[in-house]
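These notes are about the structure you will find just below.
Shown next as structure tokens:
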């Protein structure tokens, strides 16, 4: 008696592959917008924290020197006593620098929105 052997099936069928790819695409369309939103929220939180940190350092500088610093770099530079008000100069998430005015208000623009230490956020157009 001769036994017939069933053909060995290797790999996946086209239908199985299409189903898996479809599931991955559906998951990606749900996950990507959530990630983008969380990323923007984190960047805004960083800006707000930087504004508070720089503002506090500028206030300490003003107490010691009687005037606010001309720029953020002055807060990082060590004075004659070896004292600095910041360890490094914070930057906005896009790498641009914050600014400071003569009243000690710290500001920076990110994604066409101006953030400042007086109002936290205002539209820059």
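Residue numbers (my numbering): 21 to 145. Cβ atoms here follow ideal geometry from the backbone N, Cα and C, with glycine treated the same way. The structure presented is a predicted model; accordingly, all values stated were derived computationally and were not measured.
#1: How many Å lie between residue 7 and residue 91 at the Cα?
#2: If contacts are defined as beta-carbon pairs under 8 Å, then residue 119 and residue 128 qualify, I think. What distance do you get, rounded to the angstrom?
#3: Does DSSP put residue 127 in a helix, in a strand, or in coil?
#4: So, is residue 70 buried or exposed, given that buried needs 16 or more other C-beta atoms within 10 angstroms?
#5: Can you tell me the Cβ-Cβ gap for residue 140 and residue 68, rounded? I've got them flagged as a contact below 8 Å.
#6: Tell me where the alpha helix (DSSP H) around residue 37 begins and ends.
#7: Name, in chain order, the residues that DSSP records as bridge partners for residue 111.
#8: Nearest CA to the CA of residue 123: which residue from 36, 87, 105?
Put simply:
#1: The question about residue 7 has no answer here: the residues shown for the chain are numbered 21 through 145.
#2: 7 Å
#3: strand
#4: buried
#5: 6 Å
#6: 34-85
#7: 117
#8: 87
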